[in-house]
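Below is one structure, written out as structure tokens; the observations come after it.
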Amino acid sequence: MMQIFEYNGSALVAMVGKNCFAIASDRRLGVQLQTIATDFQRISKIHDRVFLGLSGLATDAQTLYHRLVFRHKLYQLREERDMKPETFANLVSALLYEKRFGPYFCQPVIAGLGDEDKPFICTMDSIGAKELAKDFVVAGTASESLYGACESMFKEDMEPEELFETVSQALLSSVDRDCLSGWGGHVYVV
Amino acid sequence: MGPDFRVLVRKSRKQAEQYHRLYKEPIPVTQLVRETAAVMQEFTQSGGVRPFGVSLLVAGYDDNGPQLYQVDPSGSYFSWKASAMGKNVSNAKTFLEKRYTDDMELDDAVHTAILTLKEGVLTPAEIDDYLAEVE
Chain D
0 MMQIFEYNGS
10 ALVAMVGKNC
20 FAIASDRRLG
30 VQLQTIATDF
40 QRISKIHDRV
50 FLGLSGLATD
60 AQTLYHRLVF
70 RHKLYQLREE
80 RDMKPETFAN
90 LVSALLYEKR
100 FGPYFCQPVI
110 AGLGDEDKPF
120 ICTMDSIGAK
130 ELAKDFVVAG
140 TASESLYGAC
150 ESMFKEDMEP
160 EELFETVSQA
170 LLSSVDRDCL
180 SGWGGHVYVV
Chain C
0 MGPDFRVLVR
10 KSRKQAEQYH
20 RLYKEPIPVT
30 QLVRETAAVM
40 QEFTQSGGVR
50 PFGVSLLVAG
60 YDDNGPQLYQ
70 VDPSGSYFSW
80 KASAMGKNVS
90 NAKTFLEKRY
100 TDDMELDDAV
110 HTAILTLKEG
120 VLTPAEIDDY
130 LAEVE
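Top line first, the protein sequences correspond to chains D and C. Under numbering that gives the first Met the number 0, the final residue of the first sequence carries the number 189; numbering is consecutive throughout. Under numbering that gives the first Met the number 0, the final residue of the second sequence carries the number 134; numbering is consecutive throughout.
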């Protein structure tokens, strides 16, 4: 019984701090029960102040990532500026909805710093329904554990060092309860 | 030419809305001018069509402040601080060169614009009407 969102396994979390954000992912890439990589990159930098994490089917995540980088590069050339995180989130949402009846099997997590270093995080489902949050967003096979861990560990206005600790602990304890994700984590704090 | 103008306005409005639909941000003036100019250029190179018989003055306000662009039927566009087109354009531009300053207030700018038009195009009655609205 293959569940398409659970084929590769993933865990993603993004959290807001004081004028900073953290985005973290696990490192396992699997094919159902077999682990085939323990250093898989799920989070990519779009530009210095916007990071994108993609959970779900790895092939769709990679393709979607390349399409988004393409769009962003063109935007940078035309408008001679970087995309704001809110704008980027809208672009991702529009691209996902274009494939409404044959979707990308991904759940993106977008984290960035907007004007005046205000942190911005959001996630969306595979057809582009945005979910903005003020505190944290989660995605992936370990999302239920992640919700619980983040809810209990999150505090408002954490400084970068404390935010890093919180995000790491939340991620590691949640992936330990999920057989499809784990093998360490990548954490980016901006 | 009026009808040519209407076609361009429709296209520009649609482009602005498409941009907004994609990015949920109002379109920057330069992007709109670029896309409109591209349309006008297309009509100078495709088969079976003729160039648009209009020049456009596109004025807008975005993150980079107020901006003014002139777009010609060839599709080339220029950025201006103050410009004029049509009848008596050389007199109008000379007048603007004398009267325009960078730090004008909005009311002064409107007043100057009306005075520029007074040189050539408006009847005395229209001028009085406009001036009365500004004051």
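Using N, Cα and C, we set each Cβ at its ideal position, and we do this for glycine too. Model, not experiment: these values are computed from the prediction.
Along the chain, where does the alpha helix (DSSP H) containing D/Thr-86 start, and where does it finish? Segment 84-97, the alpha helix (DSSP H) holding D/Thr-86.
Could you tell me if D/Leu-67 is buried or exposed, where buried requires 16 or more neighbouring beta carbons within 10 angstroms of its beta carbon? D/Leu-67 is buried by the Cβ-count criterion.
Suppose the cutoff is 6 Å on Cβ atoms and the five residues either side in sequence are ignored; what does the same chain contact list for C/Gln-10 look like? Per the sequence shown, the amino acid found at residue 10 of chain C is Lys instead of Gln. The residues are Val-38.
So within the region 135-171 of chain D, which uninterrupted beta strand (DSSP E) runs reach at least 3 residues, ignoring any that extend past its ends? Those beta strand (DSSP E) runs which fall completely within the region 135-171 of chain D and span 3+ residues are 135-139.
Quick one: measure Cβ to Cβ for D/Ala-128 and C/Leu-21, integer angstroms, because I've assumed they're closer than 8 Å. Not really, about 16 Å apart at Cβ, beyond 8 Å.
Where C/Pro-25 meets chain D, residues with beta-carbon distance less than 8 Å: Taking a Cβ-Cβ cut-off of 8 Å, C/Pro-25 has no neighbours in chain D, whose nearest Cβ is about 11 Å from it.
Separation of C/Arg-12 from C/Val-113, as counted between CA atoms: Per the sequence shown, residue 113 of chain C should be read as Ile rather than Val. Spanning the two alpha carbons is a distance of roughly 27 Å.
If you reduce the DSSP assignment to three classes, tell me which class C/Met-103 lands in. Secondary structure of C/Met-103 (DSSP, three-state): coil.
Cα-Cα separation, D/Ala-43 to C/Pro-2: For clarity, residue 43 of chain D is Ser in the given sequence; the question names Ala instead. Cα-Cα distance, rounded: 49 Å.
C/Gly-52 to C/Lys-86 span [Cα, whole Å]: Using only the alpha carbons, I get a separation of about 15 Å.
Can you check which of these residues, D/Glu-79, D/Cys-121 and D/Thr-34, is closest to D/Lys-133 by C-alpha distance? Comparing Cα-Cα distances from D/Lys-133 to each of D/Glu-79, D/Cys-121 and D/Thr-34, the minimum goes to D/Cys-121.
Quick test of the definition: if touching needs 3 or more C-beta pairs under 8 Å, does the region 20-34 of chain D touch the region 159-169 of chain D? With three or more CB-CB distances shorter than 8 Å, the region 20-34 of chain D counts as touching the region 159-169 of chain D.
Quick check: what's the CA-CA separation for C/Leu-116 versus C/Ala-91? Roughly 7 Å separates the two Cα atoms.
4 or more residues per run - each alpha helix (DSSP H) lying fully within the region 70-97 of chain C: The alpha helix (DSSP H) runs of length 4 or more contained entirely in the region 70-97 of chain C do not exist; there are none.
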